[in-house]
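Right, one structure below, let's go through it.
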Amino acid sequence: MKINGRPRLKTAVSVIVAVILIMAATLAVAYDVFISYKDPYHDKVSAAGFTEKRAQIGEVNFNYAEGPDNGPALLLLHAQHMDWYSYSRVLPILSETFHIFAVDYHGHGKTTAPVEYMYANQIGGDLAKFIESVIKEPVYVSGNSSGGILAAWLASKRPELIKAVVLEDPSLFSGEYPRVLDTIADKSFAICDAFVQENGDDFLLYWIENCRDFFKKYVGFDAAPLLAASITAYRDNNPGEAVEINYLPETVRLMMRGMNYYDPHFGAAFHNGTWNEGFDHAEALRDIKCPVLLLHANFEILEDGVFSGAIDQDEADRIVSLIPDCRYMRIDSEHVIHLDKPADYIGVIRSFFGA
6 MKINGRPRLK TAVSVIVAVI LIMAATLAVA YDVFISYKDP YHDKVSAAGF
56 TEKRAQIGEV NFNYAEGPDN GPALLLLHAQ HMDWYSYSRV LPILSETFHI
106 FAVDYHGHGK TTAPVEYMYA NQIGGDLAKF IESVIKEPVY VSGNSSGGIL
156 AAWLASKRPE LIKAVVLEDP SLFSGEYPRV LDTIADKSFA ICDAFVQENG
206 DDFLLYWIEN CRDFFKKYVG FDAAPLLAAS ITAYRDNNPG EAVEINYLPE
256 TVRLMMRGMN YYDPHFGAAF HNGTWNEGFD HAEALRDIKC PVLLLHANFE
306 ILEDGVFSGA IDQDEADRIV SLIPDCRYMR IDSEHVIHLD KPADYIGVIR
356 SFFGA
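Counting the sequence shown from 1 gives a position; this note's numbering is that position plus 5.
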């Protein structure tokens, strides 16, 4: 009896072709996710007229993004672990009415500074020199988290340079030692300190391995092994470029971008108390004479008693009471308001700075 094997052969070939096509599609998706992804706001920021520039101020080589001269100067100071690009979601619209300078300060982004410069008085002084030599006019300033502390430093120590300030969920008081040891932020700062003490090799991968609970909370699962592999692949295929991982939530994705550049000496200085040496937050706030708006984002006390947030209500009330001309606004938002609620942030900046 003769058996015709052609139908079976055709079926086998069809299966093989289907498998190959699926594998090719999977590889194409993986290539986009792990290797070739570029955040879409790069094109939007560029189209709005922003360019990255460098400025040498003493021993510090500042990296910053400058927009078109469409109005008064606005200095933006990002949160710790981020870089200037965290403002990318608000830059195109804000640049329609402001001349924006979004700066990577010490320990962040592509700015380079000696490790012994990682403290408030040095960073604030260098930012003042940046305003004097690069911007060359008094500025409006908005700072988030540690950037908010630096905005307060500028307003208190160099009032002639600052027209008005928006404190975007600043870590005032909560960033002072020893209060900082009771905050969720110190878990990261302690990792920074350990890395510095161990003289580690790759801080981003070290941080990811030691922050698995962070990813369980903000990504939804223990993403550390997958993320470490993704970052390694991305770096191999995009040498020298910022790490951008497609599958992460937006704020976490931009935080990983910032952490790729981050100098852990900055966080270690918060953990060991040296960052605020010679800079008392309460005294500085009393000295601020310009108008200030405090934006207060969400916060909570975790089950283990650790404070999660930038400032609690008592600290917010204290800030308002100490600054002679200070308004207060509570916003239902995560810590980086300009990422979580960009439209609200844009409205606040335009309204408060009158542009």
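We treat Cβ as the ideally placed atom computed from N, Cα and C, and that holds for glycine.
Since this is a predicted model, take the numbers as computed values, not measurements.
Return the residue from the list the options that minimises the CA-CA distance to residue i.
| i | options | result |
| --- | --- | --- |
| arginine 355 | Leu96, Tyr90 and Asp44 | Leu96 |
| asparagine 215 | Ser193, Val224, Val201 and Tyr223 | Ser193 |
| threonine 188 | Gly54, Ile316 and Asn242 | Ile316 |
| alanine 273 | Lys221, His286, Glu181 and Lys43 | Glu181 |
| phenylalanine 178 | Ser161, Ile105, Ile154 and Ala195 | Ile154 |
| isoleucine 40 | Ile342, Lys222, Thr237 and Arg262 | Thr237 |
| aspartate 285 | Gly54, Gly310, Tyr124 and Lys58 | Tyr124 |
| lysine 1 | Asp109, Glu121, Arg163 and Ala107 | With the chain covering 6 to 360 only, the question about residue 1 has no answer from this structure. |
| tryptophan 280 | Leu232, Val120, Ile336 and Ile328 | Val120 |
| glutamate 142 | Tyr122, Leu166 and Asp131 | Leu166 |
Beta-carbon within less than 7 angstroms of residue i's beta-carbon, same chain only, minus the 5 sequence neighbours each way: which residues are those?
| i | result |
| --- | --- |
| valine 325 | Leu299, Cys331 and Tyr333 |
| glutamate 255 | Leu344 |
| phenylalanine 103 | Asn75, Gly76, Pro77, Leu79 and Ala360 |
| phenylalanine 208 | Phe200, Tyr267 and Pro269 |
| valine 224 | Leu253, Pro254 and Val257 |
| glycine 72 | Ala53, Gly54, Phe55, Leu96, Ser100, His104 and Ile105 |
Kindly list the residues whose CB is nearer than 6 angstroms to the CB of residue i, restricted to its own chain and excluding five residues on each side of it in sequence; keep chain order.
| i | result |
| --- | --- |
| alanine 118 | Val65 and His111 |
| glutamine 85 | Ser150 and Ser151 |
When DSSP labels each residue in this structure, what does residue i get in the three-state scheme?
| i | result |
| --- | --- |
| cysteine 331 | strand |
| lysine 58 | strand |
| threonine 279 | coil |
| valine 185 | helix |
Going straight from the alpha carbon of residue i to that of residue j, what length do you get?
| i | j | result |
| --- | --- | --- |
| leucine 81 | histidine 47 | 18 angstroms |
| isoleucine 136 | proline 230 | 42 angstroms |
| glutamate 288 | valine 185 | 18 angstroms |
| phenylalanine 219 | phenylalanine 226 | 9 angstroms |
| tryptophan 212 | tryptophan 89 | 21 angstroms |
| alanine 348 | glutamate 203 | 42 angstroms |
| methionine 264 | glycine 114 | 8 angstroms |
| lysine 346 | isoleucine 62 | 33 angstroms |
| alanine 70 | serine 91 | 11 angstroms |
Once you ignore the five residues that flank residue i on each side, which residues in its own chain have a CB closer than 8 angstroms to its CB?
| i | result |
| --- | --- |
| isoleucine 98 | Ile351 |
Taking the alpha helix (DSSP H) that residue i belongs to, which residues open and close that run?
| i | result |
| --- | --- |
| aspartate 345 | 342-345 |
| phenylalanine 275 | 269-276 |
| glutamate 173 | Premise fails: glutamate 173 lies in the beta strand (DSSP E), 167-173, not in any alpha helix (DSSP H). |
Along the chain, where does the beta strand (DSSP E) that runs through residue i open and close?
| i | result |
| --- | --- |
| alanine 107 | 104-109 |
| serine 147 | 144-149 |
| leucine 81 | 78-82 |
Is the Cβ of residue i closer than 8 angstroms to any Cβ of chain D?
| i | result |
| --- | --- |
| proline 164 | The displayed structure is made up of one protein chain only, and chain D is not part of it. |
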